[in-house]
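A short worksheet on the structure shown next.
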Amino acid sequence: MINNRCSDVLFANTFTPNGDGINDTWSIMGVENDVTVTVRIYNRYGKIVFSSKGYPIPWNGLKNGERLPSGTYYYLIALKNDSQVLRGPVTIIY
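Using our numbering, you'd call the opening residue of the sequence shown number 254 and step up by one each time.
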(Lines of atoms letter the chains of each structure in order from A and count residues from 1; the text may use other names and numbers.)
(Lines give C-alpha, C1' and ligand atoms only; values in the text may rest on other atoms or scores of the structure.)
Protein backbone atom coordinates (compact mmCIF):
# COMPACT_ATOMS: atom_id res chain seq x y z
CA MET A 1 0.00 0.00 0.00
CA ILE A 2 1.33 3.42 -0.94
CA ASN A 3 0.82 6.43 1.27
CA ASN A 4 0.38 9.63 -0.72
CA ARG A 5 0.15 12.38 1.85
CA CYS A 6 2.23 14.77 -0.20
CA SER A 7 1.86 14.90 -3.96
CA ASP A 8 5.64 14.81 -4.51
CA VAL A 9 6.48 12.10 -1.94
CA LEU A 10 5.40 8.45 -2.13
CA PHE A 11 6.17 5.55 0.19
CA ALA A 12 4.71 2.29 1.39
CA ASN A 13 3.28 1.82 4.86
CA THR A 14 4.71 -1.72 5.05
CA PHE A 15 7.95 -3.40 4.04
CA THR A 16 9.44 -6.87 4.39
CA PRO A 17 13.21 -6.80 5.06
CA ASN A 18 13.58 -10.58 4.86
CA GLY A 19 16.32 -10.72 2.22
CA ASP A 20 14.17 -12.00 -0.64
CA GLY A 21 14.91 -8.93 -2.77
CA ILE A 22 11.28 -7.74 -2.75
CA ASN A 23 10.34 -4.73 -0.58
CA ASP A 24 13.43 -5.25 1.58
CA THR A 25 13.82 -1.52 2.29
CA TRP A 26 11.52 1.36 3.11
CA SER A 27 11.86 3.55 0.04
CA ILE A 28 10.65 7.13 -0.02
CA MET A 29 10.25 8.27 -3.61
CA GLY A 30 10.66 11.98 -4.20
CA VAL A 31 13.32 12.74 -1.57
CA GLU A 32 16.31 10.84 -2.97
CA ASN A 33 18.15 14.03 -3.98
CA ASP A 34 16.90 16.30 -1.20
CA VAL A 35 19.79 16.80 1.22
CA THR A 36 17.56 18.83 3.57
CA VAL A 37 15.02 16.08 4.26
CA THR A 38 15.16 14.53 7.73
CA VAL A 39 13.78 11.05 8.33
CA ARG A 40 13.31 9.56 11.79
CA ILE A 41 11.77 6.22 12.72
CA TYR A 42 10.57 5.57 16.27
CA ASN A 43 9.58 2.37 18.04
CA ARG A 44 6.36 2.11 20.05
CA TYR A 45 8.15 3.47 23.12
CA GLY A 46 9.22 6.66 21.33
CA LYS A 47 12.89 5.67 20.99
CA ILE A 48 14.59 6.55 17.70
CA VAL A 49 15.57 3.39 15.82
CA PHE A 50 16.64 5.15 12.60
CA SER A 51 17.59 8.71 11.71
CA SER A 52 18.91 10.24 8.50
CA LYS A 53 19.65 13.74 7.20
CA GLY A 54 19.02 13.29 3.49
CA TYR A 55 17.74 9.88 2.43
CA PRO A 56 20.11 8.50 -0.22
CA ILE A 57 19.93 4.94 1.16
CA PRO A 58 16.52 3.55 2.19
CA TRP A 59 16.06 2.15 5.70
CA ASN A 60 16.58 -1.60 5.82
CA GLY A 61 14.83 -2.34 9.12
CA LEU A 62 18.08 -2.57 11.08
CA LYS A 63 19.22 -0.70 14.17
CA ASN A 64 22.95 -0.82 14.89
CA GLY A 65 23.24 -3.75 12.49
CA GLU A 66 20.56 -5.76 14.31
CA ARG A 67 17.25 -6.76 12.76
CA LEU A 68 14.30 -5.04 14.43
CA PRO A 69 11.30 -7.21 15.32
CA SER A 70 8.14 -7.29 13.23
CA GLY A 71 5.75 -4.59 14.29
CA THR A 72 4.58 -1.06 13.78
CA TYR A 73 7.03 1.82 13.93
CA TYR A 74 6.35 5.52 13.47
CA TYR A 75 7.96 7.84 10.94
CA LEU A 76 8.55 11.56 10.96
CA ILE A 77 9.65 12.99 7.62
CA ALA A 78 10.57 16.69 7.65
CA LEU A 79 10.58 18.20 4.16
CA LYS A 80 11.86 21.52 2.87
CA ASN A 81 13.75 22.48 6.03
CA ASP A 82 10.85 21.48 8.30
CA SER A 83 8.22 23.50 6.40
CA GLN A 84 6.22 20.30 5.87
CA VAL A 85 6.20 17.31 8.23
CA LEU A 86 4.70 13.90 7.46
CA ARG A 87 3.92 11.48 10.31
CA GLY A 88 2.42 8.05 10.50
CA PRO A 89 2.95 4.31 10.95
CA VAL A 90 5.20 1.99 8.97
CA THR A 91 5.06 -1.75 9.59
CA ILE A 92 7.86 -4.32 9.35
CA ILE A 93 6.68 -7.81 8.39
CA TYR A 94 8.95 -10.87 8.08
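We put the CB at the ideal spot given by N, CA and C, even for glycine. None of the values given here were measured: they were computed from a predicted structure.
In terms of CA proximity to Thr289, Lys333 leads the group Phe264, Asp277, Lys333.
In this structure, Trp279 is the residue among Asp273, Gly272, Trp279, Pro309 with its C-alpha nearest to the C-alpha of Thr344.
The Cβ neighbour count for Leu321, taken over all protein chains shown within 10 Å, is at least 16; the residue is labelled buried. The C-alpha of Ala331 is placed about 14 Å away from the C-alpha of Asn286. The C-beta distance from Asn266 to Tyr347 rounds to 16 Å, too long to fall under 8 Å, and the pair is not in contact. One thing to note: Ile294 has its Cβ within 9 Å of the Cβ of Val302.
For Ile294, the beta-bridge partners assigned by DSSP are Phe303, Tyr328.
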